[in-house]
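**Q** Got a structure for you, written out below as structure tokens; questions coming shortly.
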Amino acid sequence: MTAPLLQLDNIEVIYDKVILAVRNISLKVAPGSIVALLGANGAGKSTTLKAISGLANAERGEVVDGRIYYLNRDITSATPDSLVELGLVQVLEGRHCFAHLSVEENLLTGGYVRHRSHARLNESLEKIYHYFPRLKLLRRNQAGYTSGGEQQMVAIGRALMAEPKLVLLDEPSMGLAPLVVEEIFEIVHTLNRQQGVSFLLAEQNASIALKYADVGYIIESGRVAAEGTTADLKNRSDLQALYLGLE
Ligand code: ATP
């Protein structure tokens, strides 16, 4: 069996020294796979992603127990910028585009975090325009005036400018119409299959996540309540109404 790209062993995350947001989460992301974290509001999905990327620190969150491994290195205390250098990037919930910059300028900001030549940046940009043709059409437009779905594409495209191996994608469907959500997941799926980029995504929308992910973890109150291939999870009648919102 190939070694996992990412592995979490029994991690526990506390905010402000008192709020226990993640109690005990273990999970694996195999190279080249799409893994979904499913679960209700406040279950601990975003905190898990931020603990991996090192961004939890910025909110006074701390991994107080357990270990996180990426590319066989212990990254439990790694900083976000050092992880970007290793090809691990996060797309935050809510997209966070620079509203006054153009779509292309937003994309370019994602490339500067890694020290790349001008030619390499242009190559990355062209690749992103290949997968997101809509962004090419909009490249001179101010990002703040694009639609929610387009801003999600900008946020994902910006992360891809760092040439990641693993993208942590927080709630990509949030606030978007079903057709737009489908379009975004289709692109994620294509990037995964054609470019080998792995994704660990947090989603409340279980049906879309189960459709596109290979493996799923259902998170409840900071713990893993169930896990398995998405094909298996879809058939588990005990999980349908309780966790997955599927009937
Ligand atoms: P959502 O989809 O609503 O973001 P989630 O499953 O991603 O839900 P988290 O955002 O990780 O859940 O929240 C887990 C718990 O940690 C919740 O009780 C939440 O109130 C708390 N929490 C999240 N962020 C912070 C923070 N910055 N400071 C303090 N508590 C936090």
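For any residue, its number in the working numbering is found by taking its place in the sequence shown, counting from 1, and adding 10.
Just so you know, even glycine gets a beta-carbon here, dropped at the ideal spot from N, CA and C.
Take the Cβ of residue 14 as the centre, count every other Cβ of all protein chains shown within 10 Å, and call the residue buried at 16 or more, exposed below.
**A** It counts as buried.
**Q** I need the straight-line Cα distance from residue 60 to residue 12, nearest angstrom please.
**A** Their Cα atoms are separated by approximately 25 Å.
**Q** For residue 63, count neighbouring Cβ atoms within 10 angstroms of its own Cβ and tell me buried if that reaches 16, exposed if not.
**A** Buried, because 16 or more other Cβ atoms sit within 10 Å of the Cβ of residue 63.
**Q** Taking 6 Å as the cut-off, is the CB of residue 51 close to at least one heavy atom of ligand 1?
**A** True, at least one ligand heavy atom lies under 6 Å from that Cβ.
**Q** Are residue 264 and residue 109 close, meaning C-beta to C-beta below 7 Å?
**A** Residue 264 cannot be examined here, being either before or after the span of the chain that is shown, 11 to 257.
**Q** Opposite residue 101 in the DSSP bridges: which residues?
**A** Answer is 179, bridged to residue 101.
**Q** Is the number of C-beta pairs between the segment 34-54 and the segment 227-237 that are closer than 8 Å three or more?
**A** With the cut-off at 8 Å, the segment 34-54 and the segment 227-237 touch.
**Q** For ligand 1, I want to know if residue 54 counts as a neighbour, meaning its beta carbon is within less than 6 Å of at least one of the ligand's heavy atoms.
**A** Indeed, a heavy atom of ligand 1 lies less than 6 Å from the Cβ.
**Q** In the DSSP assignment, find the alpha helix (DSSP H) that holds residue 137 and state where it starts and stops.
**A** Run containing residue 137: 128-141, per the alpha helix (DSSP H) assignment.
**Q** Would DSSP call residue 111 helix, strand or coil?
**A** Three-state DSSP puts residue 111 in coil, outside helix and strand.
**Q** Run the proximity test for residue 57: is its beta-carbon closer than 6 Å to any non-hydrogen atom belonging to ligand 1?
**A** It does: the Cβ of residue 57 is within 6 Å (strictly closer) of some heavy atom of ligand 1.
**Q** Quick check on residue 160: buried or exposed, where buried means 16 or more other Cβ atoms within 10 Å of its Cβ?
**A** Residue 160 is buried by the Cβ-count criterion.
**Q** According to the neighbour-count rule (16 or more other Cβ atoms, all chains shown, within 10 Å of its Cβ), is residue 80 buried or exposed?
**A** By the neighbour-count rule (16 or more Cβ atoms within 10 Å), residue 80 is buried.
**Q** Is residue 25 a contact residue of ligand 1, with contact defined as CB to any heavy atom under 6 Å?
**A** Yes, Cβ of residue 25 sits closer than 6 Å to a heavy atom of ligand 1.
**Q** Inspect the CB distances between the segment 22-35 and the segment 66-79 and report whether three or more fall short of 8 Å.
**A** The answer is yes - the segment 66-79 touches the segment 22-35, with three or more Cβ pairs under 8 Å.
**Q** How many whole angstroms separate the CB atoms of residue 171 and residue 103, which I take to be in contact at a CB cut-off of 8 Å?
**A** So it is not a contact: roughly 19 Å between Cβ atoms.
**Q** Answer yes or no: do residue 162 and residue 194 have a C-beta to C-beta separation smaller than 7 Å?
**A** It is a contact, given that the beta carbons lie within the stated cut-off.
**Q** Using 6 Å as the cut-off, classify the Cβ of residue 29 as near or not near the heavy atoms of ligand 1, replying yes or no.
**A** At least one heavy atom of ligand 1 is nearer than 6 Å to the Cβ of residue 29, so yes.
**Q** Looking only at DSSP bridge pairs, what is residue 34 linked to?
**A** DSSP output for residue 34 lists 233 as bridge partner(s).
**Q** Looking at the structure shown, is residue 157 part of a helix, part of a strand, or coil, going by DSSP?
**A** Here residue 157 sits in coil by DSSP.
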